[in-house]
Amino acid sequence: KQEVTQIPAALSVPEGENLVLNCSFTDSAIYNLQWFRQDPGKGLTSLLLIQSSQREQTSGRLNASLDKSSGRSTLYIAASQPGDSATYLCAVDRETSGSRLTFGEGTQLTVNP
Amino acid sequence: DTEVTQTPKHLVMGMTNKKSLKCEQHMGHRAMYWYKQKAKKPPELMFVYSYEKLSINESVPSRFSPECPNSSLLNLHLHALQPEDSALYLCASSQPRQAREQFFGPGTRLTVL
């Protein structure tokens with residue numbers, strides 16, 4: 001059974017700092033890995049999707065990497081801003097047909113002005 | 114357009130009521146999902162529809178009844194719910210093949226009295 005772990009559970013940083021969120025998964029037979037952002041009481045916003053054959057994806061100040069063989073992904077946020085404060089969720093999709101996401105517990109990020 | 118819409122935003126119902134949640138997407142996606150999310154927890158998959166057919170039911174109690182009338186719409190019919198069913202209900206959609214990136218709606222906040 002796939003298990004996804006995110007470290008740290010919470011992170012508080014001053015504005016402008018670069019930061020890294022970590023995600024690990026136990027079964028390397030994944031189809032893709034998706035990073036989401038969730039604001040309190042809201043839905044999930046897809047940030048980046050990395051296919052299993054890819055090593056990284058970038059969007060603006062965000063960069064996500066994937067090391068499938070070691071079961072790890074990182075989300076790098078450059079020059080953090082107070083508007084980045086949210087919960088960040090990592091989810092892996094299984095390799096077999098039929099999408100089924102397994103989520104980590106999330107990292108709650110606070111960026112202080 | 115990468116939007117998934119959900120109605121209503123909030124719903125309060127008694128344990129004897131019957132209500133429905135609605136989800137709509139116009140991205141041409143042929144897979145749609147219902148998730149349940151409790152406070153401070155990641156989303157839990159409930160149902161998956163692929164090409165308008167139910168493909169995954171995660172052993173959800175029969176008081177939750179999904180319906181996919183067409184490729185753009187997904188409903189969740191609720192009957193005789195319990196207070197512990199109070200949660201944020203999220204709908205998502207994706208292509209069943211290729212990238213399978215999931216896009217989420219804003220959710221319906223359900224309170225069962």
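Protein sequence lines correspond, in order, to chains A and B.
In terms of my numbering, the first sequence has 101 at position 101, counting the first letter as 1, and numbering is strictly consecutive.
Throughout, my numbering is defined as the position within the second sequence, counted from one, plus 113.
A virtual CB, placed ideally from N, CA and C, is assigned to each residue, including glycine.
With H, G and I counted as helix, E and B as strand and the rest as coil, what does DSSP make of ASP198 (chain B)? Here residue 198 (chain B) corresponds to residue number 85 of the second sequence, with the count starting at 1. In this structure, ASP198 (chain B) counts as helix in the three-state DSSP scheme.
In whole angstroms, give me the CA-to-CA distance for HIS142 (chain B) and THR96 (chain A). If you number the second sequence from 1, residue 142 (chain B) lands on position 29. If you number the first sequence from 1, residue 96 (chain A) lands on position 96. Using only the alpha carbons, I get a separation of about 19 Å.
Closer than 7 Å between beta carbons: that is the criterion. Which residues of the segment 84 to 104 of chain A meet it against chain B? LEU89, ASP93, GLY98, SER99, ARG100, LEU101, PHE103, GLY104
Proximity of LEU187 (chain B) and MET145 (chain B) at Cβ, strictly below 7 Å: Within the second sequence, residue 187 (chain B) is the residue found at index 74, counting from 1. Within the second sequence, residue 145 (chain B) is the residue found at index 32, counting from 1. Yes. Within cutoff.
Proximal residues, the segment 31 to 51 of chain A versus chain B, C-beta separation under 8 Å: TYR31, ASN32, GLN34, PHE36, GLY41, LYS42, GLY43, LEU44, THR45, SER46, LEU49, GLN51
Start-to-end residues for the beta strand (DSSP E) that takes in ASN170 (chain B): Locating residue 170 (chain B) in the second sequence gives position 57, counting from the first residue. 166 to 170 is the extent of the beta strand (DSSP E) around ASN170 (chain B).
Do you know how far the Cα of SER175 (chain B) is from the Cα of LEU226 (chain B)? In the second sequence, counting from the first residue as 1, residue 226 (chain B) sits at position 113. In the second sequence, counting from the first residue as 1, residue 175 (chain B) sits at position 62. So the alpha carbons of these two residues sit roughly 19 Å apart.
Members of the segment 68 to 81 of chain A that neighbour chain B once the beta carbon cut-off is set at 8 Å: none
Contact set between GLY106 (chain A) and chain B, taken where Cβ atoms lie within less than 7 Å: Mapped onto the first sequence, residue 106 (chain A) falls at position 106. Neighbours of GLY106 (chain A) on chain B, chain order: PRO155.
Short of 7 Å in beta carbon distance, which residues of its chain neighbour ALA86 (chain A), apart from the five on each side in sequence? Order them along the chain. Residue 86 (chain A) sits at position 86 when you count from the first residue of the first sequence. Excluding positions up to five away in sequence, the list reads ARG37, GLN38, ASP39, LEU109.
For GLU15 (chain A), write down the residues that DSSP places opposite it in a beta bridge. Your numbering for residue 15 (chain A) matches position 15 in the first sequence. According to DSSP, which records beta bridges pairwise, GLU15 (chain A) is partnered with nothing at all.
To the nearest angstrom, how far is the alpha carbon of GLY106 (chain A) from that of CYS23 (chain A)? Taking the first residue of the first sequence as position 1, residue 106 (chain A) is located at position 106. Taking the first residue of the first sequence as position 1, residue 23 (chain A) is located at position 23. Taking the straight line from one Cα to the other gives about 9 Å.
Does DSSP put ASP27 (chain A) in a helix, in a strand, or in coil? Here residue 27 (chain A) refers to the residue found at position 27 when the first sequence is read from its first residue. Note: ASP27 (chain A) maps to coil in three-state DSSP.
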